[in-house]
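Going left to right, the sequence shown walks through residues 0 to 346 as numbering that gives the first Met the number 0 numbers them. First the structure, in the form of structure tokens, and then the observations on it.
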Amino acid sequence: MKKKLEDLLNFAVSEIENVETENDMNLIKSKYLGKNSEFTNIMKEMSGLSIEEKKEIGLLTNEFRTSFTECFEKKLNEIKTEALNKRLENERIDISLPGKGIKTGSLHPLTHIRMVLEDLFVSMGYDVVEGPQVETDDYCFEKLNIPKDHPARDMQDTFYITEEMLLRSQTSSVQVRTMLANKEKTPIKMICPGKVYRKDDDDATHSHQFMQMEGLVVDKNISLADLKGTLLKLARALLGENTNIRFRPSYFGFTEPSYEVDVTCFKCGGKGCPLCKNIGWIEILGSGMVHPNVLKMCGYDPKIYTGFAFGVGIERLAMFKYGITDLRNFYTNDVRFLDNFSRKDVK
Ligand code: DAH
């Protein structure tokens, strides 16, 4: 029996030496110490031995168990350490490597300008309204006091769908819609940014589709001073607090009097430079006091109510503000162009 135990230990030790995984170690353990192991059988056989023999074999089995366990634990530790080292090696991170940059999108410059304008006017109590791009001739021209023989209605300028329907050539049509919808309710304070269409050949300064923002205020006692104050705010919010404006008499069918509004050139501050063609001023929008005929046609009594209106070309503003010389850049979606307007750079 002694010989049996010695042989068993030798077998076990040499088998343990060759094991490589924790799982195989568990198998070895049950093979040598488990219920059906040879060792357990030897223990069972002890019951038939004399007391002397029991003592001797008892000592030997204890020795077997101690030696086996020592050898087993040592190997198990080696396997665990090796597995841990392997894992650490595989999971090593080189924190000095440059990271992968995350490419974020940016707002389109026209969207950015529209949002700045919306924020400004909403802060002054205006509503932001929308109107349809497919519009009636009545709302786009007739009710804006632009008679049938007005040059703006020339087939050259407007995309007509039928005799009555067209693609709106100006957001001013939304003035009509707003007044008709409010039915003498005041005050009306609205802006309408949106797309407009004209039969132009596309080049650096023309596009068959572009963006305008309309503004309309109607109430009792609205005067030219209100228009001036509002447009000064607009110019300064967009182009800087040092900007000034001037009004030049002009003609629009739906306003009387009508004005074109210039801002001091924000490049040279008004001294004269190539951007402002040495004039010191740059035209940015059309405006005026709502024509009494328009008020009347849209359901407001011009003896009681007055109003002002303005319309500004968003592309034109963006071109001056960002020094863009070709209008087509806004619509060709070249990322090299759009990247110039990443959030952190745009003001
Ligand atoms: N609708 C005009 C245009 O497209 C711009 C304009 C001028 C709008 C004067 C207005 C205004 O509201 O009062 O050229």
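Glycine is no exception: its CB is placed at the ideal position from the N, C-alpha and C atoms.
| field | Contact under 8 Å by Cβ, Lys188 with Tyr125 | value | yes
| said: Assuming contact is defined by CB atoms lying nearer than 8 Å, are Leu316 and Ile283 in contact in what I supplied? | reply: yes
| query | Hey, Ser286 and Val260: beta-carbon distance below 8 Å or not? | reply | yes
| Are there three or more Cβ pairs, one per stretch, closer than 8 Å when the segment 223 to 242 is compared with the segment 195 to 209? | no
| task | Determine the DSSP secondary structure at Gln211, reduced to helix, strand or coil. | result | strand
| query | Terminal residues of the continuous alpha helix (DSSP H) containing Asp225? | reply | Leu223 to Leu238
| query | Between which two residues does the beta strand (DSSP E) harbouring Val311 extend? | reply | Thr305 to Gly312
| message | Any contact between the segment 36 to 47 and the segment 91 to 101? By contact I mean 3 or more CB pairs, one from each, below 8 Å. | response | no
| request: Determine the contact status of Met288 and Pro256, defining contact as a CB-CB distance below 8 Å. | output: yes
| request: Note down the Cα distance separating Arg247 from Gly214, rounded to an integer number of angstroms. | output: 18 Å
| query | Hey, out of Pro150, Asn243 and Ala203, whose CA is closest to Tyr250's CA? | reply | Pro150
| What are the boundary residues of the alpha helix (DSSP H) that includes Asp23? | Glu21 to Leu32
| Using the beta-carbon count (16 or more within 10 Å), is Ala308 buried or exposed? | buried
| field | Straight-line Cα distance separating Glu69 from Asp6 | value | 17 Å
| request: Could you give the DSSP three-state label for Phe329: helix, strand or coil? | output: helix
| message | At the level of alpha carbons, what is the spacing between Tyr158 and Ile101? | response | Correcting the residue identity first, residue 158 is Phe in this sequence and not Tyr. Spanning the two alpha carbons is a distance of roughly 43 Å.
| field | Beta carbon of Val293 nearer than 8 Å to that of Met212 | value | no
| From what residue to what residue does the alpha helix (DSSP H) around Pro291 run? | Pro291 to Met296
| At what residues does the beta strand (DSSP E) containing Asp261 begin and finish? | Thr254 to Thr263
| Are Asp225 and Thr185 touching if we call contact CB-CB under 8 Å? | no
| Counterpart residues of Phe359 in DSSP-defined beta bridges | What the structure shows of the chain is the stretch from 0 to 346, and residue 359 is not part of that stretch, so it cannot be assessed.
| DSSP state of Asp201, grouped into three classes? | coil
| query | What three-state label does DSSP hand Val195 in the structure shown? | reply | strand
| field | N-terminal and C-terminal residue of the alpha helix (DSSP H) that Val415 is part of | value | In the structure displayed, the chain extends from 0 to 346; residue 415 sits before or after that span and is not available.
| said: On the DSSP bridge list, what partners appear for Met189? | reply: Asp126 and Leu215
| query | Are there 16 or more other CB atoms within 10 angstroms of the CB of Ala82, so buried, or fewer, so exposed? | reply | exposed
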